[in-house]
Every structure is written in C-alpha cells, then in structure tokens.
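What follows is a single structure, written as structure tokens, with notes after it.
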Amino acid sequence: MAMAGKVQKMQVKKKTAPAAKPKSGPVPTAAPYWLMKSEPDVFSWEMLVARGAKGEPWTGVRNYLARNHMRAMKLGDLGFFYHSNIGKEIVGVLQVVKTAYPEPTDTTGTWECVDVVAVQPLPNPITLAAVKADGKLAKMALVTSMRLSVQPVTVHEWAHVCELGGLDPKSLKGKPASKAEAVEKTKA
DNA sequence: GCCAACGTTGGC
DNA sequence: GCCAACGTTGGC
Numbered sequence: 163m164a165m166a167g168k169v170q171k172m173q174v175k176k177k178t179a180p181a182a183k184p185k186s187g188p189v190p191t192a193a194p195y196w197l198m199k200s201e202p203d204v205f206s207w208e209m210l211v212a213r214g215a216k217g218e219p220w221t222g223v224r225n226y227l228a229r230n231h232m233r234a235m236k237l238g239d240l241g242f243f244y245h246s247n248i249g250k251e252i253v254g255v256l257q258v259v260k261t262a263y264p265e266p267t268d269t270t271g272t273w274e275c276v277d278v279v280a281v282q283p284l285p286n287p288i289t290l291a292a293v294k295a296d297g298k299l300a301k302m303a304l305v306t307s308m309r310l311s312v313q314p315v316t317v318h319e320w321a322h323v324c325e326l327g328g329l330d331p332k333s334l335k336g337k338p339a340s341k342a343e344a345v346e347k348t349k350a
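The following block contains the structure:
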C-alpha cells in the first residue's frame, strides 16, 4: 500500500474510539469535484499514473472533515491531484473508482479510504501562487483551508482551473471509471 | 528551519 | 462542555 501524504507517516493511534460503525458519521453534501493533496516525495502524480487502471487506495487520512469528504465521494467523481510541499501545484485530474471503505490498516474502525486512478495530467500545472493571485480561485479551499488534505471544489473553480491548466473539462466529463487507457497514453 | 493555522486532547 | 496545551500541516 502506498502513501498518499505526510499524514501517512503518522502512527495509527490506539484511540479508544467508540465502536462507531464506519457508516454512522455525518455525510456532507456531495461536492461536484474534489481536490486531494499529497507530498510528491511520498506519493506523487507520476506514481499514481504508474498504477494504471488498478489505481491506488488513498490511505493515511487522519482528519475527520477530510474523511467525511471521502465518504461523500461517488463512483466516477473527479478531483484534482495537488502536490503539497514540493511543487505546490495542481498537476492532474484523478477519478474515484471505489467509494469509501474502512482502511485496512486502521484498527480503530475510524478511518476510511477511497480508490482513485489518474485520468489526465494538467498540461499547465497550476501553482498555489497562481491560485491565490486569481480572483476567481482565491476562495478555493486550497487557500482558505490550507491544511485540509481532501477538499471540495466548486464547478466554477473546476472549470477555471481546467481552463488555465489547458484541459478541456468536457474531455473528462462522463468518462467511465475505466478511462485508465487514457492514463496509459499519457505515460508514453 | 521557522512558525501560523488549526485540529485534537485532556484537565477541570 | 469549556478552553489551554499540545501536536501536526504545510507555506514560506
């Protein structure tokens, strides 16, 4: 299993979690799109691309809000892949291919993960600085909730980032969760 | 390496 | 259930 962020390095705490059912938490209103962060030296976009159609379990999330966002994800949902710490830029588009399920290594029954695959790289990666400097993006959770590792993205933000990044959102829309072939092409 | 932001923990 | 102390994230 791979790491999807610095949080992955954390020990799994033996917290005395009430034996809450994994499904019992609040489920926020589903956002149209998402953004998921990872430190590229731990788990990078290139590594996700290399996983191909198998994708990767997005493990290591140890924040309730981030977990709840993963719970709200639907099969086929799209999200941005953001490189934190190194690069600090949005580098690609990923897709949810398996909805939230208990994280196998978590013995507390508290944490969950989703499986994602790489869909397309952003021809022009969008840096955090560019996001902050753009009036249409300055309110993104990426800016306002800096430390949240899994966050919602609005339709407007999605469209604007895609435009700036050189991606036609329509080329992603409605793609089946089997678009890993596109990934294979981007590797060549 | 520093430190601001902020989520979590634990004393009361 | 409040809130101070503590720990972590992540930009700079």
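Going by our numbering, the letters in the first sequence line up with residues 163 to 350, in that order.
Using N, Cα and C, we set each Cβ at its ideal position, and we do this for glycine too.
Every value quoted in this text rests on a predicted model; they were computed, and no experiment measured them.
Can you name the start and end residues of the beta strand (DSSP E) that residue i belongs to?
| i | result |
| --- | --- |
| A353 | The structure shown does not extend to residue 353, since the chain is modelled only from 163 to 350, so the question has no answer here. |
| A300 | Taken as a continuous stretch (DSSP letters only), A300 belongs to no beta strand (DSSP E), as it is neither H nor E. |
| E274 | E274 to T289 |
Quick check on DSSP: helix, strand or coil for residue i?
| i | result |
| --- | --- |
| P194 | coil |
| S200 | strand |
| T306 | helix |
| K185 | Residue placement at K185 cannot be trusted, given a pLDDT of 41 that sits under 50; what the coordinates show is reported in the next sentence. In the structure shown, K185 sits in coil (DSSP, three-state: anything other than H, G, I, E or B). |
| L210 | helix |
| G328 | coil |
| T269 | coil |
Note down, in chain order, each residue of its chain lying with its Cβ closer than 7 angstroms to the Cβ of residue i, except the 5 sequence neighbours on either side.
| i | result |
| --- | --- |
| T261 | M235, K236, L237 and V276 |
| N247 | E201 |
| V305 | V293 and K294 |
| P203 | According to the sequence provided, residue 203 is Asp. The question's Pro does not apply to it. Answer for D203: I248, listed in chain order. |
| P331 | W320, A321 and C324 |
| S307 | Q313 |
May I ask which residues mark the beginning and end of the alpha helix (DSSP H) holding residue i?
| i | result |
| --- | --- |
| V312 | Segment V312 to V315 is the beta strand (DSSP E) holding V312; no alpha helix (DSSP H) there. |
Give me, in chain order, the residues of the same chain whose beta-carbon lies closer than 8 angstroms to that of residue i; leave out the 5 immediate sequence neighbours on both sides.
| i | result |
| --- | --- |
| V315 | A193, P194, Y195, W196, L197, G241, F242, M302, A303 and V323 |
| E218 | A164, A166, F205, M209, L210, D277, V278 and V279 |
| A228 | L310, S311, V312 and Q313 |
| M396 | Outside the shown range of the chain (163 to 350) lies residue 396, about which nothing can therefore be said. |
| G297 | none |
Near residue i, which residues of its chain fall below 6 angstroms by C-beta distance, leaving aside the five closest residues on each side in sequence?
| i | result |
| --- | --- |
| W320 | Y195 |
| Y244 | L197, K199 and I252 |
| W207 | F243, V253 and G254 |
| L290 | K250 |
Since I believe residue j is in contact with residue i (beta carbons under 8 angstroms), could you give me their beta-carbon distance rounded to a whole number of angstroms?
| i | j | result |
| --- | --- | --- |
| N230 | S311 | With 8 angstroms as the limit, N230 and S311 do not qualify as a contact, their Cβ atoms being about 12 angstroms apart. |
| L355 | P285 | Nothing can be reported for residue 355, as the shown portion of the chain is limited to 163 through 350. |
Check whether the Cβ of residue i lies closer than 8 angstroms to any heavy atom of the ligand NAP, and answer yes or no.
| i | result |
| --- | --- |
| W220 | In terms of ligand content, the structure shown is empty, and the ligand NAP therefore cannot be addressed. |
Length-filtered (3 minimum) beta strand (DSSP E) runs lying within the region 214-251: 240-245
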